[in-house]
Structure formats: structure tokens, C-alpha cells
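What follows is a single structure, written as C-alpha cells, with notes after it.
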Amino acid sequence: WPLAPLVLVYTFGSLREKLAFSACFLNLTISDQSSGSRVAGRLVFYQTEGSATYLRDAGALASGVATETVFEPLDPERNFSSAGFSYTWDLGNGEVIRGTEPVVRYRYSESGNYTLRLNVGGNPPQLAPAGVYAQEVQVLDAVRSIQLVAPSDYSVNRNSSLDLQLDGSPPMWVCWQFLRNCAPDPAAGCTLTLLRAASLRLNHTFGSAGLHCLDVSARNAVSALRATFNRRHLLFILSCAAVLAATFSFILAIACRPWQLNSSQVRHTTSTTWRQLE
1 WPLAPLVLVY TFGSLREKLA FSACFLNLTI SDQSSGSRVA GRLVFYQTEG
51 SATYLRDAGA LASGVATETV FEPLDPERNF SSAGFSYTWD LGNGEVIRGT
101 EPVVRYRYSE SGNYTLRLNV GGNPPQLAPA GVYAQEVQVL DAVRSIQLVA
151 PSDYSVNRNS SLDLQLDGSP PMWVCWQFLR NCAPDPAAGC TLTLLRAASL
201 RLNHTFGSAG LHCLDVSARN AVSALRATFN RRHLLFILSC AAVLAATFSF
251 ILAIACRPWQ LNSSQVRHTT STTWRQLE
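Note that UniProt numbering numbers the sequence shown so that position 217 is 217, with each residue one more than the last.
Put into C-alpha cells, the structure is as follows:
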């Protein structure tokens with residue numbers, strides 16, 4: 001069978017793709033005992049990596065990244081403009097931060113699920129918080145690498161298995177596509193798979209010999225991997241006829257070599273016998 005070499009081209013962009021802004025509204029009810037009015041607020045999450053700042057949805061944050069959470073009171077009538085507040089942030093990982101500013105800076109070093117609690121206190125005492133408010137936060141590891149565990153060449157018209165190993169927190173969306181001669185084919189599209197583990201097995205049948213590329217991209221709620229990763233296996237491709245011709249040539253060479261050796265020995269022996277008779 002002809003062999004189809006596989007050139008693996010992983011195309012990604014920056015380590016983290018900028019996500020659309022989506023602020024989480026956390027309804028903090030602070031009661032004014034004199035007037036009975038109420039004020040709500042919202043939490044906005046920012047994450048900074050290098051010189052880039054990303055606005056994150058409160059439901060998902062990236063691990064190991066500097067995080068800033070801001071409490072923004074929703075007070076259009078400015079009923080509480082003259083009031084001061086104290087803020088107690090319980091990050092859910094054993095760390096508690098207190099301050100008088102409506103902002104907290106921290107980072108989650110490990111992925112997992114955390115409960116962020118905020119206690120807002122009022123000053124003067126006429127303003128009192130209605131309680132402690134909580135927000136569930138999911139911390140994910142960014143997708144940092146994709147590894148392929150597979151042979152470098154494959155047989156045509158035979159089912160082949162390829163294993164992808166991803167370094168990142170699921171759930172992840174993985175989009176993969178095989179490209180004949182490594183030529184982009186926008187009309188074909190890619191196969192989109194929701195991955196709830198860190199590995200994926202691909203089953204594919206190569207319909208023709210030649211050069212093939214595998215295009216892979218992966219994304220979770222905090223990252224999209226779009227770096228360039230090349231693994232090139234440069235092999236000569238032989239057609240069926242060429243393979244058969246090479247095989248028969250090898251067999252004939254092995255079979256004819258002993259026959260030529262025996263013929264030479266027979267001629268030498270006969271010549272010696274005639275000289276002895278003379």
C-alpha cells in the first residue's frame with residue numbers, strides 16, 4: 001500500500017484571545033434605614049497578562065493571571081454619594097482581603113471552583129449591609145499546548161488513529177481538519193468537538209497518497225490557542241506500481257545471485273578437469 005506522510009501544522013494566535021466584555025451583576029442590597037431605599041451593585045472582573053488587559057465574565061477566570069475585581073454601585077439617584085463603605089473580600093481559597101476601596105487585586109494559582117464572598121459595610125452606621133453576598137467563580141487553566149501522539153506515515157484506505165493531548169482545563173472546543181497537500185479548504189470546514197477531558201482520539205482514513213496536514217485549534221472559556229507548531233516528516237511517496245516494481249526487483253536480485261555464483265564455479269571445475277586429462 002502507498003504511504004501517506006502526515007505534516008502536522010498547528011495554527012494558533014496569541015496565547016489568549018481577547019474576549020467580549022460581559023460584566024457579572026451581583027445584586028448587593030444595602031438598606032438605608034431612614035428612607036428604606038436600596039442600592040444594587042455589580043462586580044466586574046479584569047485580568048492582566050503582560051501589557052494586555054482582558055475583561056472576563058465572572059463565571060470563568062484564568063489561573064495564574066493577575067486579577068482585579070471591582071465593585072461598581074448602581075446608584076443613579078446618588079442616594080449614597082456621601083456614604084463611605086468598607087469591603088471584605090473572601091476569595092474562597094483561604095485568603096481574605098479588607099479595605100475601603102471597591103477593588104481587590106489577587107490571583108488564583110490553581111484551577112478549580114471557588115466561591116467569592118463580598119461583605120459591604122456602610123459608614124455612617126445608618127447604612128448597613130443586608131448580608132454577605134456570594135458569587136461562584138470557575139478558574140480554568142489556559143490552553144497552552146497541543147501534542148500529537150501518532151506515527152509519521154499512514155497507509156491509504158486504512159483506518160488510522162491519532163491521539164491529541166491538550167494542556168488546558170476542560171471543557172474545551174476542539175476544531176480539527178485534514179488538508180490534502182496542505183492546501184486550505186474553507187468550503188470543507190472543520191470538525192468541532194466538545195472535549196470534557198484533556199485528550200482526544202481522532203479516527204481518519206486517508207483516501208489518497210501524498211502530503212497531508214492536520215489543522216487543529218482549541219478553545220476554552222479563558223483562552224484560544226493559535227500559535228504555530230510544525231512537525232514535518234519528509235518522506236518519498238511511492239505509487240502502487242513503484243512499490244511492486246521495487247519489490248520484484250529485490251526478489252530477482254536475491255534469486256539470481258546464487259545462480260550466477262554456481263555457474264562460475266562449474267566452468268572453473270570443468271576447465272581444471274580437461275587440463276588434467278591432457
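The beta carbon of each residue, even a glycine, is placed where N, CA and C say it ideally should be.
Residue i versus residue j - alpha carbon distance
i: PHE85; j: VAL120; result: 6 Å
i: ARG201; j: TYR54; result: 33 Å
i: THR205; j: PHE45; result: 45 Å
i: THR69; j: VAL96; result: 14 Å
i: GLY210; j: ILE251; result: 27 Å
i: GLY59; j: ALA221; result: 9 Å
i: PRO73; j: SER152; result: 58 Å
i: PRO102; j: GLY50; result: 24 Å
i: LEU164; j: GLY207; result: 21 Å
i: ASN159; j: ALA62; result: 38 Å
i: TRP173; j: GLY94; result: 32 Å
i: GLU136; j: LEU179; result: 42 Å
Buried/exposed call for residue i, threshold 16 Cβ in 10 Å
i: GLY122; result: buried
i: GLY168; result: buried
i: SER223; result: buried
i: THR67; result: buried
i: ARG78; result: exposed
i: LEU194; result: exposed
i: VAL132; result: exposed
i: LEU192; result: exposed
i: LEU28; result: Note on LEU28: pLDDT 48, under 50, position unreliable in the model; the coordinate value appears next. Buried, since its Cβ has 16 or more Cβ neighbours within 10 Å.
Best match in the options for proximity to residue i [C-alpha to C-alpha]
i: LEU118; options: VAL139, LEU194, GLY92; result: GLY92
i: LEU43; options: ILE254, VAL156, LEU225, VAL104; result: VAL104
i: ASP215; options: SER111, SER223, ASN181; result: ASN181
i: PRO171; options: ARG196, SER155, GLN147; result: ARG196
i: GLY99; options: THR88, ARG107, SER109, TYR106; result: THR88
i: VAL65; options: SER109, SER217, GLY94, ASN159; result: SER109
i: ALA218; options: ALA52, GLU136, GLN177, ASN157; result: GLN177
i: ASP75; options: GLY94, ALA40, LEU61, ASP90; result: ALA40
i: LEU225; options: ALA198, LEU179, ALA83, ARG144; result: ARG144
Inter-residue CB distance, residue i and residue j (contact presumed, cutoff 8 Å)
i: ALA134; j: LEU116; result: 7 Å
i: SER111; j: VAL139; result: 5 Å
Reduced DSSP category for residue i - H, G, I as helix; E, B as strand; rest coil
i: ALA188; result: coil
Interface flag, residue i vs chain B, CB-CB below 8 Å
i: ALA150; result: Among the chains in the structure shown there is no chain B, since it carries only a single protein chain.
Distance cut-off 7 Å: residue i Cβ against heavy atoms of the ligand GDP
i: TRP173; result: Because no ligand of any kind appears in the structure shown, any question about the ligand GDP cannot be addressed here.
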